[in-house]
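Read the structure below first, then the notes.
Numbering (our numbering), first residue to last: 2 to 134.
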């Protein structure tokens, strides 16, 4: 239960919207902020359609690697203290939880390909993208 609450807390923190930062060029000044947000949303829909996401696979991989690493460290600690089985179990659980959290944080960020797609889409609409935040 504690792990679920931790994951929810992290998702709420990392769920903050990130997006392109537009330079206030003549096109942006002409169309205005409202139209710019609509164009950004349109480009985002296109990017979601054309850019494949492997965020779930990456989070699962990070969880598995964390669990395996934790089991090794926990086993070593358990062997020293005389409780090998418990050390492996605790280490695996802690490592998997750490790996899951790391995977969730990484999965919440748009991929470089997604960002490049967005930048190109907005440039084709006349915007000047100066960064991403």
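Note that CB positions come from ideal geometry on N, CA and C, so glycine has one too. Quick caveat, the model's predicted, so the values are computed rather than measured.
query: the ligand ATP heavy atoms versus the CB of residue 20: any closer than 7 Å?
result: Absence of the ligand ATP is noted for the structure shown, with no ligands found whatsoever.
message: Here's the rule: buried if 16 or more other CB atoms are within 10 angstroms of the residue's CB, otherwise exposed. What is residue 113?
response: Here residue 113 corresponds to residue number 112 of the chain shown, with the count starting at 1. By the neighbour-count rule (16 or more Cβ atoms within 10 Å), residue 113 is not buried but exposed.
query: Mind checking residue 134: buried by the 16 CB within 10 Å criterion, or exposed?
result: Working through the chain shown from its first residue, we reach residue 134 at position 133. Residue 134 should be labelled exposed.
task: Please report how far the alpha carbon of residue 25 lies from the alpha carbon of residue 33, in whole angstroms.
output: Taking the first residue of the chain shown as 1, we reach residue 25 at position 24. Taking the first residue of the chain shown as 1, we reach residue 33 at position 32. One Cα belongs to residue 25, the other to residue 33, and the distance between them is close to 10 Å.
query: For residue 51, which residues does DSSP report across the bridge?
result: Position 50 of the chain shown, counted from the start, is the residue given in the question as residue 51. In DSSP, residue 51 forms no bridge with anything.
- prompt: When you compare each of 110, 122 and 23 to residue 50 by their alpha carbons, which one comes out closest?
  reply: Residue 50 sits at position 49 when you count from the first residue of the chain shown. For the options 110, 122 and 23, the alpha carbon positioned closest to that of residue 50 is the one of 122.
- prompt: Expressed to the nearest angstrom, what Euclidean distance is found between the alpha-carbon atoms of residue 38 and residue 29?
  reply: The residue you call residue 38 lines up with position 37 of the chain shown. The residue you call residue 29 lines up with position 28 of the chain shown. Near 10 Å, if we compare the C-alpha coordinates of residue 29 and residue 38.
- prompt: Roughly how far, in whole angstroms, is the beta-carbon of residue 129 from the beta-carbon of residue 23, given that I think they are within contact range, below 8 Å?
  reply: Within the chain shown, residue 129 is the residue found at index 128, counting from 1. Within the chain shown, residue 23 is the residue found at index 22, counting from 1. About 7 Å separates the two Cβ atoms, so the contact holds.
query: Is the beta carbon of residue 119 less than 8 Å from the beta carbon of residue 45?
result: As a working note, residue 119 is residue 118 in the chain shown. As a working note, residue 45 is residue 44 in the chain shown. The answer is yes: Cβ separation under 8 Å.
- prompt: Going by Cα to Cα distance, which pick from 41, 126 and 36 is closest to residue 115?
  reply: The residue given as residue 115 occupies position 114 in the chain shown. Of the listed residues, the one whose Cα sits closest to residue 115 is 41.
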